[in-house]
Amino acid sequence: MNRSFRFDSVMLWYLARRLALAGVMLFGLVCLTFVIANVAPSDPAALAAGPDAGRSQIEQARREYGLDKPLPEQFLRYVGDLAQGEFGRSVATGRSVGRDLGRYFPATLELCLVAMTIGLAVGIPLGMLSALFKDRWLDQLTRIFAVSGIALPPFWFGLLLQLGFATWLGWLPTSGRLGVATEPPEPITGMLLLDSVLRGDAALFWQSASYIILPALVLSLPCLASILRVNRSEMVECLRADYITAARAHGTVPWRLVAVHALKNATLPTLAIIGLRWGWMMSSTVLVETVFDWPGTGLYAVSSAIAGDFKPVMGVTLIVGLNFMLANLVVDLLYGVLDPRLRDA
Amino acid sequence: MMGRRTRLALWQLRRSFSSMLGLGLVSGIVLLALLGPWIVPYPDDVAGAVNIAGKLRPPSAAHWFGTDEVGNDILTRVIIGARLSLLVGMGITLAAACIGVPLGILAGTAGGVVREAVMRLTDLFLSVPGLVLAIALVAALGPGIVNAMVALVLVWWPGYVRLAEAKALSLREEPFIEAARVAGASRFRILWRHVLPNSLSPIIVKMSMDVGQAILAVASLGFLGLGAKPPTPEWGAMISIARGYLPDWWWYAICPGAFIYASVLGFNLLGDGLRDILDPRSNRR
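For the protein sequence lines, the chains are S and A, in the order given.
The first sequence lines up with residues 111 to 455 when you count with this note's numbering.
The second sequence lines up with residues 21 to 305 when you count with this note's numbering.
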């Protein structure tokens, strides 16, 4: 009893420290976006007033958006608005950025989740296999594949896949999230695959699956490659370890040796790379969504950035940063659960 | 006569197929960039000659990768584009290292408040994935190749702080640093003559990989319309125009993309090979 109590308090302390750190980072992120928005050489008031606005109209816009207030006051207002989920208003469309983000984010999240699933489902077994066949042709092949995965420009690879699978073979649709003729259903989670399962709509499920597969494949490639390589090198280390020799001497069957004993110990570093890769994936969505016209936050950020429309870009930056932070927090906590030694670190 | 260590390194490099492939790709791109203006088949197309009669031709003996929408030879423009991409990629990496490494060494050796301040600032910049932060910065600064470079340098330096700080931290306790201090070497001398040279190998490895990643990042911004503007022969911007001519004029996008791929692959493989030689103990990630 005494021992389990100690475990809990250590765990809680670990949890509290990580959460506090994430809170500090979040505040830093808010500061960073505020600084970026305010070092801009362009005048946001002039932007808001429109291209033909006269001096008085610009001044009016400046008062309206509170841009004539001193910077500390503007900052406090910014933080206060964010705390209420208010990201400001897009200058180009006049729509609320918070509402736009709410609409676009599920599409991006769905894309990233599918891509991460592909990355894990292919990366881990391939990494295991190439560790087992170390330095043989299979290992060489996966090595080339992994390096290619990181070096291939995602936007170019996406165009090639569109050309091959959509235009020439005609197997899959080119771009978008659903066919033009299909009425998008009333969102439950906003993720089409999940919504169609919840509604029991098989036709919708297969249709949205056919639209998501190419962009998810492109997005998963760098992630898949690094999962593969980390898993391979960890497996190679693990298979050399004494406990594997001991288990083998003990008569453990080979598949169990690899799939249970070695894999379990190779999981931790793979987990760490997943947290990192989740953030990178979120940032690659700006490219993949542009190529595939996927209506997510990436496309939203790019089109707003081109239009010089600030608030949406800052909103997406915050959302992606928050996601990255949460992913790392979850990984840290899982690490703490799986590896008790780290709790004191 | 070469030194023993150089010969050993060369031998190690030669033994690995992927390192040699990387070296080959990198030297190929560098050669093309250096010799570009003298070897391109259609030098007039660099500045943007207009030849509407010969526009959007498929690959042929005269135009290996076809022609673009104003009749320029695509191969010519891609080779000239190598100069820009290589220069920008190296420039970003060098600038990022020049900011990050001194800060990292400072943080690692100074400790205390200085270290906390530098490292928290670094964490902050690392808390948003690079490309998104770069887009936010470009949105603030305005699109264009120079602003894209500035944005990418601002995104890139923290990686070097992390690396240099970790290295400097581990070196701080080494006996030879202690010895130098006891011998009366100044703080600056210790940093410059002892800490920096001994932290150099992982930094060189990272730089060689980063040149490739920076080339990819610049091309990505170009593709999104936030980097180099179209008449400039920049690979990403070329693909973004080519996208409008898919699928009928599919060859337009092939050549620029293949060059991005080849150069990023080359620098990655070379960096990997260099790591095996210079920094064999580090983990391959």
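Every residue gets a Cβ at the ideal spot worked out from N, C-alpha and C, and that includes glycine.
Which of the residues in the segment 216 to 236 of chain A, read from start to end, lie with their CB under 9 angstroms from any CB of chain S?
-> If the cut-off is 9 angstroms between Cβ atoms, the segment 216 to 236 of chain A has Gly232, Gln233, Leu236 near chain S.
For S/Tyr353, count neighbouring Cβ atoms within 10 angstroms of its own Cβ and tell me buried if that reaches 16, exposed if not.
-> The residue you call residue 353 of chain S lines up with position 243 of the first sequence. S/Tyr353 should be labelled exposed.
Please name the residues in the segment 126 to 158 of chain A whose beta-carbon is closer than 8 angstroms to at least one beta-carbon of chain S, in chain order.
-> For the segment 126 to 158 of chain A, the set of positions with a beta-carbon nearer than 8 angstroms to some beta-carbon of chain S reads Arg140, Asp143, Leu144, Phe145, Ser147, Val148, Pro149, Gly150, Leu151, Val152, Leu153, Ile155, Ala156, Leu157, Val158 in chain order.
For S/Val440, decide whether its Cβ has a neighbour in chain A, counting only Cβ atoms nearer than 8 angstroms.
-> In the first sequence, the residue the question calls residue 440 of chain S occupies position 330. Chain A contact via Cβ: absent.
Look up S/Arg287 in the DSSP assignment and say whether it is helix, strand or coil.
-> Counted from its first residue, the first sequence places residue 287 of chain S at position 177. If DSSP states are grouped into helix, strand and coil, S/Arg287 belongs with coil.
Contact between the segment 209 to 226 of chain A and the segment 76 to 90 of chain A (3+ Cβ pairs under 8 angstroms) = The segment 209 to 226 of chain A is not in contact with the segment 76 to 90 of chain A.
Using a Cβ-Cβ cut-off of less than 9 angstroms, give me the residues of the segment 239 to 272 of chain A that come near chain S, in sequence order.
-> Ala239, Ser240, Phe243, Leu244, Gly245, Leu246, Trp255, Gly256, Ile259, Ser260, Ala262, Arg263, Leu266, Pro267, Trp270
Classification of A/Ala154 by the beta-carbon crowding that lies within 10 angstroms, buried from 16 upward | Locating residue 154 of chain A in the second sequence gives position 134, counting from the first residue. It is buried - the Cβ of A/Ala154 has at least 16 other Cβ atoms within 10 Å.
What are the partner residues of A/Thr87, as DSSP defines its beta bridges?
-> The residue given as residue 87 of chain A occupies position 67 in the second sequence. Partner(s): A/Asp93.
Between S/Phe267 and S/Val328, what straight-line distance do the alpha-carbon atoms span, to the nearest angstrom?
-> As a position in the first sequence, residue 267 of chain S is number 157, starting the count at 1. As a position in the first sequence, residue 328 of chain S is number 218, starting the count at 1. Rounded to whole angstroms, S/Phe267 to S/Val328 spans 7 angstroms at the Cα level.
Listed in chain order, which residues of the segment 273 to 284 of chain A have Cβ atoms closer than 9 angstroms to some Cβ of chain D?
-> No chain D appears in the structure shown, which is made up of the protein chains S and A.
Chain-ordered residues of the segment 178 to 189 of chain A with a beta carbon less than 8 angstroms from chain S | Listed by position, the residues of the segment 178 to 189 of chain A near chain S (Cβ gap below 8 angstroms) amount to none.
Under the three-state DSSP convention, the category A/Ser147 falls into = As a working note, residue 147 of chain A is residue 127 in the second sequence. Of the three classes helix, strand and coil, the one that applies to A/Ser147 here is coil, per DSSP.
8 angstroms Cβ cutoff met for S/Gly385 and S/Thr395 | The residue you call residue 385 of chain S lines up with position 275 of the first sequence. The residue you call residue 395 of chain S lines up with position 285 of the first sequence. No. Outside cutoff.
Length at least 4, wholly inside the segment 227 to 285 of chain S: the alpha helix (DSSP H) runs in chain order | 247 to 261, 264 to 271
Alpha-carbon to alpha-carbon, S/Thr218 and S/Arg287 | Translated into the one-based positions of the first sequence, residue 287 of chain S becomes position 177. Translated into the one-based positions of the first sequence, residue 218 of chain S becomes position 108. S/Arg287 and S/Thr218: Cα-Cα distance of roughly 11 angstroms.
If we ignore side chains and look at the alpha-carbon of each, how far apart do S/Arg309 and S/Asp403 end up?
-> In the first sequence, residue 309 of chain S corresponds to position 199, counting from 1. In the first sequence, residue 403 of chain S corresponds to position 293, counting from 1. Cα to Cα, the separation comes out at about 25 angstroms.
Could you tell me how far apart the beta carbons of A/Ser36 and A/Asp268 are, in whole angstroms, since I believe they sit closer than 8 angstroms?
-> In the second sequence, counting from the first residue as 1, residue 36 of chain A sits at position 16. In the second sequence, counting from the first residue as 1, residue 268 of chain A sits at position 248. The pair is not a contact, with the Cβ atoms about 43 angstroms apart (cut-off 8 angstroms).
Any chance the segment 410 to 426 of chain S sits against the segment 220 to 238 of chain S, with 3 or more Cβ pairs inside 8 angstroms?
-> Fewer than three Cβ pairs drawn from the segment 410 to 426 of chain S and the segment 220 to 238 of chain S lie within less than 8 angstroms of each other, which leaves the two stretches out of contact.
With contact counted as at least three CB pairs below 8 angstroms, one residue from each stretch, are the segment 281 to 291 of chain A and the segment 35 to 50 of chain A in contact?
-> yes
Nearest residue (CA-CA) to A/Pro253, options A/Ile99, A/Arg192, A/Leu76, A/Phe287 | On the second sequence, position 233 is the one that residue 253 of chain A refers to. Among A/Ile99, A/Arg192, A/Leu76, A/Phe287, the Cα nearest to that of A/Pro253 is on A/Ile99.
If you draw a straight line from the alpha carbon of A/Val231 to that of S/Ala231, how long is it in whole angstroms?
-> As a working mapping, residue 231 of chain A is identified with position 211 in the second sequence. As a working mapping, residue 231 of chain S is identified with position 121 in the first sequence. Computed Cα separation, rounded: 31 angstroms.
Cβ shell of A/Asp143 (< 7 angstroms), same chain only, five flanking positions each side left out = The count along the second sequence starts at 1 and reaches residue 143 of chain A at position 123. So the list is empty, once near-sequence residues are dropped.
Contact set between A/Asn288 and chain S, taken where Cβ atoms lie within less than 9 angstroms | Your numbering for residue 288 of chain A matches position 268 in the second sequence. Val257, Ile260, Ala261, listed in chain order.
Name the DSSP beta bridge partners of S/Ser306, please?
-> Along the first sequence, read from residue 1 onward, the residue named residue 306 of chain S stands at position 196. In DSSP, S/Ser306 forms no bridge with anything.
Could you check which residue in S/Thr355, S/Gly389, S/Leu331 has the C-alpha nearest to that of S/Gly233?
-> Locating residue 233 of chain S in the first sequence gives position 123, counting from the first residue. Checking every option, the nearest Cα to that of S/Gly233 belongs to S/Leu331.
Of the residues S/Phe434, S/Phe420, S/Val430, the one placed nearest S/Arg205, counting alpha carbons only | Counting from one through the first sequence, the residue named residue 205 of chain S turns up at place 95. The shortest Cα separation from S/Arg205 among S/Phe434, S/Phe420, S/Val430 belongs to S/Phe420.
Just grab the DSSP bridge partners of S/Ser206 for me.
-> Here residue 206 of chain S refers to the residue found at position 96 of the first sequence. Its beta-bridge partners are S/Arg199.
Exposed or buried, what is S/Ala126 when buried is set at 16 or more other beta-carbons lying within 10 Å of its beta-carbon?
-> Here residue 126 of chain S refers to the residue found at position 16 of the first sequence. Exposed.
Sub-8 angstroms separation of A/Gly242 and A/Gly264 beta-carbons | Your numbering for residue 242 of chain A matches position 222 in the second sequence. Your numbering for residue 264 of chain A matches position 244 in the second sequence. Cβ distance not < 8 angstroms, so A/Gly242 and A/Gly264 don't count as in contact.
If I'm right that S/Leu211 touches S/Ile429 with Cβ under 8 angstroms, what's the distance once you round it to whole angstroms?
-> For this step, residue 211 of chain S is matched to residue 101 along the first sequence. For this step, residue 429 of chain S is matched to residue 319 along the first sequence. Indeed they touch by this definition, with Cβ atoms about 6 angstroms apart.
CB contact flag (A/Gly247, A/Ile165, <8 angstroms) | Residue mapping note: residue 247 of chain A aligns to position 227 of the second sequence, counting from 1. Residue mapping note: residue 165 of chain A aligns to position 145 of the second sequence, counting from 1. Yes. Within cutoff.
Please classify A/Ile259: is it buried, with 16 or more other beta-carbons within 10 angstroms of its beta-carbon, or exposed?
-> Here residue 259 of chain A refers to the residue found at position 239 of the second sequence. Answer is buried; the Cβ neighbour count reaches 16.
Output yes if chain A places a C-beta closer than 8 angstroms to the C-beta of S/Val140; else output no.
-> Against the first sequence, residue 140 of chain S aligns to sequence position 30. Taking a beta-carbon distance threshold of 8 angstroms, S/Val140 does not count as an interface residue toward chain A.
Using the beta-carbon of each residue, which ones in chain S are nearer than 7 angstroms to A/Ala168?
-> Indexing the second sequence from 1 puts residue 168 of chain A at position 148. Under the 7 angstroms cutoff, chain S gives no residues; its nearest Cβ is about 11 angstroms from A/Ala168.
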